[in-house]
Amino acid sequence: MTQRLTIAVPRGALFADTLTALDGLGIDTSEVRANHRKLLFEDVGIVTMRPSDVPTYVEAGAADLGFTGKDVLMEQAERDVYELLDLGYGRCLMVLATVAGDDPAQEALRRLGVMRIATKYPRIAARHFERTGRQAEIVEVKGSVELAPLTGLVEGIVDLMATGTTLRENGLVVREEISVATARLIANPVAHKLKAEAIDDVVARLRAR
Amino acid sequence: MRELRAITEGVRTVFEASGYGEVATPALEYEAVLARGDASAAEPAYRLFDETGNVLVLRSDMTIPIARVVAARYPHAEPPLRFCYFAHHYRSVRTGRGQAREELQAGVELVGAPAPEGTAEALTVLCRSLDAAGLEGYRVGLGDAALYPALLDGFGIGHEARRQLVHELVTRDFVGLEREVAALGLGPEAAALLLRIPQLRGGPAVLDVPAGPVADAVEGLRRVYAQLEPAVADRVIFDLGLSRPLGYYTGEVFEVYDQALGSPIGGGGRYDDLLGRFGRALPAVGWALNVERLHIALVGERGR
Numbered sequence: 001m002t003q004r005l006t007i008a009v010p011r012g013a014l015f016a017d018t019l020t021a022l023d024g025l026g027i028d029t030s031e032v033r034a035n036h037r038k039l040l041f042e043d044v045g046i047v048t049m050r051p052s053d054v055p056t057y058v059e060a061g062a063a064d065l066g067f068t069g070k071d072v073l074m075e076q077a078e079r080d081v082y083e084l085l086d087l088g089y090g091r092c093l094m095v096l097a098t099v100a101g102d103d104p105a106q107e108a109l110r111r112l113g114v115m116r117i118a119t120k121y122p123r124i125a126a127r128h129f130e131r132t133g134r135q136a137e138i139v140e141v142k143g144s145v146e147l148a149p150l151t152g153l154v155e156g157i158v159d160l161m162a163t164g165t166t167l168r169e170n171g172l173v174v175r176e177e178i179s180v181a182t183a184r185l186i187a188n189p190v191a192h193k194l195k196a197e198a199i200d201d202v203v204a205r206l207r208a209r
Numbered sequence: 001m002r003e004l005r006a007i008t009e010g011v012r013t014v015f016e017a018s019g020y021g022e023v024a025t026p027a028l029e030y031e032a033v034l035a036r037g038d039a040s041a042a043e044p045a046y047r048l049f050d051e052t053g054n055v056l057v058l059r060s061d062m063t064i065p066i067a068r069v070v071a072a073r074y075p076h077a078e079p080p081l082r083f084c085y086f087a088h089h090y091r092s093v094r095t096g097r098g099q100a101r102e103e104l105q106a107g108v109e110l111v112g113a114p115a116p117e118g119t120a121e122a123l124t125v126l127c128r129s130l131d132a133a134g135l136e137g138y139r140v141g142l143g144d145a146a147l148y149p150a151l152l153d154g155f156g157i158g159h160e161a162r163r164q165l166v167h168e169l170v171t172r173d174f175v176g177l178e179r180e181v182a183a184l185g186l187g188p189e190a191a192a193l194l195l196r197i198p199q200l201r202g203g204p205a206v207l208d209v210p211a212g213p214v215a216d217a218v219e220g221l222r223r224v225y226a227q228l229e230p231a232v233a234d235r236v237i238f239d240l241g242l243s244r245p246l247g248y249y250t251g252e253v254f255e256v257y258d259q260a261l262g263s264p265i266g267g268g269g270r271y272d273d274l275l276g277r278f279g280r281a282l283p284a285v286g287w288a289l290n291v292e293r294l295h296i297a298l299v300g301e302r303g304r
């Protein structure tokens, strides 16, 4: 039986560190680094994609292994994939942020009983407010979330923060830290059984980095 | 339909040759009856009321209805009893994922045949059925539902921590499992076992684990393996972390994989306590194949 692995690699914030990790496994990533438009690198078993698509490909078995953020896995909790390893890099915080000064989300909650929250992570946000017993209307946006509270669309945002620069530049401050997200190695459940040796080898070598 | 029919006819030939008699049960069951079999089966996707206000459900599984049939209609028949079925079951879906609410299952239940012989027979009929359907590259994962609980008992893990560890295992989150095991503050050896054992899968060498609390389960797997004919044994992958979604399994459990499909094609296991809840205490083992997924795997294999 062949033990060749197909690996889903996210383009975006985790891209560079993921390619470095793959270099450490002896996979030649030079073509992936050089070619920004190509998506499929069959010779080295790499497929590149948008980060939030990684669990989709891995769950379906279109890729055996994938690199993705814990934030993506939390948002797509129903995906049937193995979470094998915390890779440690790509550390971000999921935060609740509002404009600086008096907290408008608190104010809305106190006076209106409900606050409006914009996010790209509707499930993580909804779960956080449910758990803390607060009523929130979740407004899902696709683009720059920071714009939403500045235009009066919402009182607050739930978003991923790496350094905090974008928030600061838009006059937003962190009010609550919801969770920490780092990069994770995930596996398709069938590949995890049929290609056990190859997958365990990757896990062991990534763990020993 | 012609291709599906070819699969079910092939499988039916194996069922008949192996002495399994076909049974049919109603798609509608009383909720209270299914709940007696398994609390998680009491969370069916579809509930309705009959004309007198009883709660009916669309069956989500065939094992519990057959357990009911055995107790009600075969109270004195000499075991072992061999049943097979081709039946639809009903489940909830995630929208936009192309999942069917109604799925055709082909399966067997072997009642009154304890391990290891009963389990070995069930695995043999399973492999012959897959062969008859024409699937080539399949493998059967073989584990034991009692293995991890025995390990947790052996280390005296309390109820709350246990619930958390099993949750991490069932959701396939080994990062979470590592975190929860570390939080228990056990010695390094115990912690390593709790983490390592559920990740062990592969050939018979997998069974060479430190005996201790898992000795019974591992010995059970060895005995089953020893009973298998070579063509069946070659298909087996031992998987000490294998867990099945239904709670009534008591011993060996198994799952069918094929390279052509990203999710299991079917599975089953031993349920030695289930029939007692319906009034006829007999050990039993059974499995079901999802016929539509088997079809997808066949098409995938032939496309390669």
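For the record, the sequence lines run as chains A and B. Note that my numbering has the first sequence beginning at 1, numbered continuously upward. Note that my numbering has the second sequence beginning at 1, numbered continuously upward. All residues carry an ideal CB built from backbone N, CA and C; glycine is no exception. Bear in mind that the values here come from a model prediction, so they are computed numbers and not experimental data.
In this structure, the beta-carbon distance from Arg-235(B) to Cys-84(B) does not fall below 7 Å. Taking each of Tyr-89(A), His-36(A), Ala-13(A) in turn and checking the Cα distance to Arg-209(A), the smallest one comes out for Tyr-89(A).
Distance from Leu-110(B) to Glu-121(B) at the Cβ level is roughly 6 Å; contact confirmed, criterion being Cβ atoms closer than 8 Å. Within the segment 21–63 of chain B, the complete beta strand (DSSP E) segments at least 3 residues long are 28–30, 47–49, 55–58, listed from N- to C-terminus. Close partners of Ile-237(B) in chain A (Cβ separation under 8 Å): Lys-193, Leu-194, Ala-196. Ala-106(B) and Leu-298(B) do not touch by the CB rule: their CB atoms are close to 13 Å apart, not below 8 Å. Scanning chain B for C-beta atoms nearer than 9 Å to the C-beta of Asp-43(A) yields nothing, as the closest lies near 19 Å away. A straight line joining the alpha-carbon of Leu-150(A) with that of Asp-159(A) spans about 15 Å. Under the three-state reduction of DSSP, His-76(B) is assigned to coil, being neither helix nor strand. Taking a contact to require three or more Cβ pairs closer than 8 Å, the segment 133–147 of chain A and the segment 48–66 of chain A do not qualify as touching. In the structure shown, Pro-51(A) adopts helical secondary structure according to DSSP, grouped into three states.
Here Thr-132(A) is exposed: its Cβ has fewer than 16 other Cβ atoms, across all protein chains shown, within 10 Å. DSSP places His-89(B) within a strand segment (E or B) once states are collapsed to three.
Per DSSP, the continuous alpha helix (DSSP H) segment holding Gln-106(A) begins and ends at 104–112. When the beta-carbon positions are compared, Gln-99(B) and Val-93(B) come within less than 7 Å of each other.
Under the DSSP assignment, Gln-105(B) falls in the beta strand (DSSP E) whose first and last residues are 102–111. Burial is judged here by how many other beta carbons sit within 10 angstroms of a residue's own beta carbon; Ala-72(B) has fewer than 16 and is exposed.
A contact is defined here as three or more CB-CB pairs under 8 Å, and the segment 148–162 of chain B fails this definition with respect to the segment 254–273 of chain B.
The shortest C-alpha to C-alpha distance from Gly-279(B) to any of Glu-103(B), Val-11(B), Val-33(B), Tyr-138(B) is the one to Val-33(B).
Taking the Cα of Ile-7(B) as reference, the smallest distance to any Cα among Ala-132(B), Val-57(B), Val-69(B) is reached at Ala-132(B). When the Cα atoms are used, Ala-87(B) and Asp-273(B) turn out to be separated by approximately 24 Å. Pairing His-295(B) with Leu-28(B) gives a Cβ-Cβ distance that is not under 7 Å. Around Ala-217(B), the same chain offers Asp-144, Ala-146, Leu-147, Ala-150 as residues with beta carbons nearer than 7 Å, after the five sequence neighbours per side are excluded. Annotation: the continuous alpha helix (DSSP H) that includes Tyr-148(B) extends over 147–154.
Only buried fits Asn-188(A), as 16 or more other CB atoms lie within 10 angstroms of its CB. DSSP, read as helix, strand or coil, puts Ala-226(B) in helix. Closer than 7 Å at the C-beta level to chain B, one finds these residues of the segment 169–190 of chain A: Arg-184, Asn-188, Pro-189, Val-190. Remark: fewer than three beta-carbon pairs, one from each stretch, lie closer than 8 Å, so the segment 95–112 of chain A and the segment 184–204 of chain A are not flagged as touching. Look at Glu-137(A) here: in three-state DSSP terms it is strand. Using a Cβ distance threshold of 7 Å, Arg-91(B) and Ala-24(B) do not count as a contacting pair.
Between Leu-19(A) and Val-32(A) the beta-carbon gap is near 6 Å, inside 8 Å, which marks them as a contact.
Looking at the backbone, the Cα of Ala-126(A) and that of Leu-152(B) are separated by about 34 Å. Chain A has no Cβ within less than 7 Å of the Cβ of Gly-156(B). Per the coordinates, the alpha-carbon of Glu-168(B) lies some 21 Å from the alpha-carbon of Gly-269(B). Counting only runs that start and end inside the segment 198–245 of chain B, the alpha helix (DSSP H) elements of at least 4 residues fall at 215–227, 230–233. The Cβ of Val-175(B) sits closer than 7 Å to at least one Cβ of chain A.
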